[in-house]
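Per our numbering, the sequence shown starts with residue 19, numbered consecutively.
Below is one structure, written out as C-alpha coordinates; the observations come after it.
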Amino acid sequence: MRQINEAHVAVPGLAVVEVAAADDETAFAIQELLAARCAVAPADRTTRDPGEPGVRLRFFLDLHEDASA
19 MRQINEAHVA VPGLAVVEVA AADDETAFAI QELLAARCAV APADRTTRDP
69 GEPGVRLRFF LDLHEDASA
(Lines of atoms letter the chains of each structure in order from A and count residues from 1; the text may use other names and numbers.)
(Lines give C-alpha, C1' and ligand atoms only; values in the text may rest on other atoms or scores of the structure.)
Protein backbone atom coordinates (compact mmCIF):
# COMPACT_ATOMS: atom_id res chain seq x y z
CA MET A 1 0.00 0.00 0.00
CA ARG A 2 1.07 3.57 -0.62
CA GLN A 3 2.11 5.80 2.22
CA ILE A 4 -0.51 8.12 3.69
CA ASN A 5 0.66 11.66 3.04
CA GLU A 6 -0.24 14.92 4.74
CA ALA A 7 -2.59 16.01 1.94
CA HIS A 8 -4.81 12.98 2.54
CA VAL A 9 -5.65 14.17 6.07
CA ALA A 10 -4.89 17.88 5.81
CA VAL A 11 -7.99 19.06 7.68
CA PRO A 12 -10.38 17.55 10.24
CA GLY A 13 -13.06 15.49 8.52
CA LEU A 14 -10.76 13.90 5.91
CA ALA A 15 -9.67 10.33 6.46
CA VAL A 16 -7.89 7.46 4.81
CA VAL A 17 -9.76 4.23 5.44
CA GLU A 18 -8.00 0.90 5.06
CA VAL A 19 -10.15 -2.19 5.35
CA ALA A 20 -8.68 -5.63 6.00
CA ALA A 21 -11.18 -8.35 5.09
CA ALA A 22 -11.39 -12.03 4.27
CA ASP A 23 -12.46 -11.40 0.66
CA ASP A 24 -13.18 -8.74 -1.97
CA GLU A 25 -16.94 -8.86 -1.45
CA THR A 26 -16.63 -8.01 2.25
CA ALA A 27 -14.14 -5.19 1.65
CA PHE A 28 -16.33 -3.59 -1.02
CA ALA A 29 -19.44 -3.98 1.17
CA ILE A 30 -17.74 -1.91 3.88
CA GLN A 31 -16.81 0.75 1.32
CA GLU A 32 -20.43 0.88 0.08
CA LEU A 33 -21.75 1.13 3.64
CA LEU A 34 -19.58 4.18 4.33
CA ALA A 35 -20.32 5.70 0.91
CA ALA A 36 -24.02 5.71 1.79
CA ARG A 37 -23.27 8.03 4.75
CA CYS A 38 -20.54 10.38 3.47
CA ALA A 39 -18.49 11.16 0.39
CA VAL A 40 -15.76 8.71 -0.55
CA ALA A 41 -13.22 8.47 -3.31
CA PRO A 42 -13.84 4.78 -3.93
CA ALA A 43 -11.21 2.19 -4.67
CA ASP A 44 -11.83 -0.18 -7.55
CA ARG A 45 -9.56 -3.04 -6.53
CA THR A 46 -8.19 -4.75 -3.46
CA THR A 47 -4.59 -5.72 -2.77
CA ARG A 48 -3.15 -8.90 -1.33
CA ASP A 49 0.03 -9.29 0.68
CA PRO A 50 1.92 -12.41 -0.43
CA GLY A 51 1.72 -15.11 2.19
CA GLU A 52 -0.92 -13.25 4.21
CA PRO A 53 -4.62 -14.15 4.38
CA GLY A 54 -7.33 -11.82 3.13
CA VAL A 55 -7.36 -8.58 1.18
CA ARG A 56 -6.93 -4.87 1.85
CA LEU A 57 -8.88 -1.97 0.39
CA ARG A 58 -7.90 1.68 0.86
CA PHE A 59 -10.14 4.61 0.04
CA PHE A 60 -10.55 8.24 1.03
CA LEU A 61 -13.44 9.65 3.03
CA ASP A 62 -14.68 13.23 3.44
CA LEU A 63 -17.12 13.83 6.29
CA HIS A 64 -17.83 17.36 5.00
CA GLU A 65 -19.62 16.05 1.92
CA ASP A 66 -23.06 14.49 2.22
CA ALA A 67 -23.37 11.29 0.18
CA SER A 68 -26.89 12.20 -0.91
CA ALA A 69 -25.79 15.50 -2.46
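Beta carbons: idealized from backbone N, C-alpha and C, even for Gly.
This structure is a prediction, so every number in the text was calculated from the model and none was measured.
Worksheet entry | Nearest-angstrom beta carbon gap, CYS56 and LEU79 [assumed within contact, 8 Å] | In the sequence shown, the residue the question calls residue 79 occupies position 61. In the sequence shown, the residue the question calls residue 56 occupies position 38. By a beta-carbon distance limit of 8 Å, LEU79 contacts CYS56. Their separation comes to about 6 Å.
Discussion item. DSSP three-state label for THR44, please.
Written reply: Numbered from its first residue, the sequence shown carries residue 44 at position 26. Note: THR44 maps to helix in three-state DSSP.
Worksheet entry | Candidates GLU43, ALA40, PHE77, of which the one nearest VAL58 by Cα | By 1-based counting over the sequence shown, the position of residue 58 is 40. Checking every option, the nearest Cα to that of VAL58 belongs to PHE77.
Worksheet item: Helix or strand or just coil, what does DSSP make of ALA54?
Response: For the purposes of this step, residue 54 is taken as the residue at position 36 of the sequence shown. Three-state DSSP puts ALA54 in coil, outside helix and strand.
Worksheet item: For the beta strand (DSSP E) that contains GLU36, what are its first and last residues?
Response: Taking the first residue of the sequence shown as position 1, residue 36 is located at position 18. Its beta strand (DSSP E) spans residues 32-39.
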